[in-house]
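S.K.: Residue numbers (the UniProt record's numbering): 1 to 202. A virtual CB, placed ideally from N, CA and C, is assigned to each residue, including glycine. What follows is a single structure, and I will ask about it in a moment.
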Amino acid sequence: MPKIVDHDARRSLIIYALWRVVARDGASAVSVRSVASEAGVSRSGMAYYFKSHGQLLAMAIEQMVQSVTDEILSIDLLGCDVDRATDALQAMVPDTPMRRRQSQVWLLLMAQADASPEVARVLHQLNTTVRAGIHDILQALVNSQLVSRDRDLEVEVATLHALIDGLSALSLTDLKLASQTSTRLVLHRAVTGLAIPMGVNA
């Protein structure tokens, strides 16, 4: 009787092996060979699921995005206030040791985006997911009357997206300037400022 292979389970096993390599050795140590060794599968077995280094990293990012999305969804935005909105936005910034390790993969992918359509697609999906999450958070603030009526919501979403990407990059490259406390203060100030009408100084 032929052996039945659970492909989803095998794919998950490989991705978890990737995260173990990242946690132990950093994202730069990720390769098809290192992950195959960590997962206990052959190179040919790896190739069945991931045909390139870029595909392997892309799948890891998709899993990371789902994890962040689940964390944001766990925050009750009904009757949203500034603190809860800040919590949700901060979930998008890699401000813990594990998140920083995981987000090193994001930096590696950005370096490959021009050369790989698959990587570019995943990064676009990541950006779209982040932007949709920010939009939901700001809409919850609008519903709680915590955003000035003259604010253009799409512009504010794009602004916060840029802020989160900047904080993320800083957190990954210079932790002295991007502690968990300082990141929260920056995001809290940005959210609080949305209630102020345009052109009015805080």
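Please classify ASP25: does DSSP put it in a helix, a strand, or coil?
M.R.: Against the sequence shown, residue 25 aligns to sequence position 25. The answer is helix: DSSP assigns ASP25 an H, G or I state.
S.K.: Taking C-alpha atoms, which residue in HIS53, TYR16, ALA9, MET92 lies nearest to SER116?
M.R.: As a working mapping, residue 116 is identified with position 116 in the sequence shown. Taking only the C-alpha atoms, the option nearest SER116 is HIS53.
S.K.: Going by DSSP, what residue range makes up the alpha helix (DSSP H) through ARG184?
M.R.: The residue labelled residue 184 in the question sits at position 184 within the sequence shown. Going by DSSP, ARG184 is part of the alpha helix (DSSP H) stretching over 180 to 193.
S.K.: For GLN55, which of helix, strand or coil comes out of DSSP?
M.R.: For the purposes of this step, residue 55 is taken as the residue at position 55 of the sequence shown. It is helical.
S.K.: Taking the alpha helix (DSSP H) that SER103 falls in, what are its first and last residues?
M.R.: Locating residue 103 in the sequence shown gives position 103, where the first residue counts as 1. Unbroken alpha helix (DSSP H) run through SER103: 97 to 112.
S.K.: Which class does MET198 belong to by DSSP, given the choice of helix, strand or coil?
M.R.: Your numbering for residue 198 matches position 198 in the sequence shown. In the structure shown, MET198 sits in coil (DSSP, three-state: anything other than H, G, I, E or B).
S.K.: Would ARG84 be called buried (16 or more neighbouring beta carbons within 10 Å of its own) or exposed?
M.R.: Along the sequence shown, one-based indexing puts residue 84 at 84. So ARG84 ends up on the buried side.
S.K.: For LEU163, which residues in the same chain have their Cβ closer than 8 angstroms to its Cβ, ignoring the five residues on either side in sequence?
M.R.: Stepping through the sequence shown from its first residue, residue 163 is reached at position 163. Excluding positions up to five away in sequence, the list reads VAL186, LEU187, ALA190.
S.K.: Kindly indicate which residue of ALA113, MET98, LEU141 has the alpha-carbon position closest to the one of VAL21.
M.R.: Translated into the one-based positions of the sequence shown, residue 21 becomes position 21. The option with the nearest alpha carbon to VAL21 is MET98.
S.K.: State the start and end residues of the unbroken alpha helix (DSSP H) segment that holds ARG33.
M.R.: Translated into positions along the sequence shown, residue 33 becomes position 33. ARG33 -> alpha helix (DSSP H) spans 32 to 39.
S.K.: Which one of ALA58, ILE75, ALA60, LEU13 has the shortest CA to CA distance from GLU38?
M.R.: Your numbering for residue 38 matches position 38 in the sequence shown. Residue LEU13 is the option with its Cα nearest to GLU38.
S.K.: Taking the straight line between their C-alpha atoms, what separation do you get for SER42 and VAL68?
M.R.: If you number the sequence shown from 1, residue 42 lands on position 42. If you number the sequence shown from 1, residue 68 lands on position 68. Going from the Cα of SER42 to the Cα of VAL68 covers about 31 angstroms.
S.K.: Pick helix, strand or coil for MET1, following the three-state DSSP scheme.
M.R.: Taking the sequence shown and counting its residues from 1, one reaches residue 1 at position 1. Bear in mind that the predicted position of MET1 carries a pLDDT of just 47, short of 50, making it too unreliable to give a figure here.
S.K.: I want to know whether the segment 138 to 146 touches the segment 75 to 90 - three or more CB-CB distances under 8 angstroms.
M.R.: yes
S.K.: With 16 other CB atoms within 10 Å as the buried threshold, where does GLY133 fall?
M.R.: The residue given as residue 133 occupies position 133 in the sequence shown. Buried, since its Cβ has 16 or more Cβ neighbours within 10 Å.
S.K.: Count the CB pairs spanning the segment 94 to 114 and the segment 172 to 185 that are closer than 8 angstroms, and state whether there are at least three.
M.R.: The segment 94 to 114 makes contact with the segment 172 to 185; the number of CB pairs closer than 8 angstroms reaches 3 or more.
S.K.: Taking C-alpha atoms, which residue in ARG149, THR173, VAL130 lies nearest to MET198?
M.R.: Working through the sequence shown from its first residue, we reach residue 198 at position 198. Measuring from the Cα of MET198, the nearest candidate turns out to be ARG149.
S.K.: If you compare alpha carbons, which of ARG24, SER74, HIS7, SER28 is closest to LEU57?
M.R.: On the sequence shown, position 57 is the one that residue 57 refers to. It is SER28.
S.K.: Using a threshold of 8 angstroms, is the CB atom of LEU123 nearer than that to any non-hydrogen atom of the ligand MN?
M.R.: The ligand MN is not part of this structure, which contains no ligands at all.
S.K.: Tell me whether the beta-carbon of residue 205 lies closer than 9 angstroms to the beta-carbon of VAL35.
M.R.: What is shown of the chain runs 1 to 202, which leaves residue 205 out entirely.
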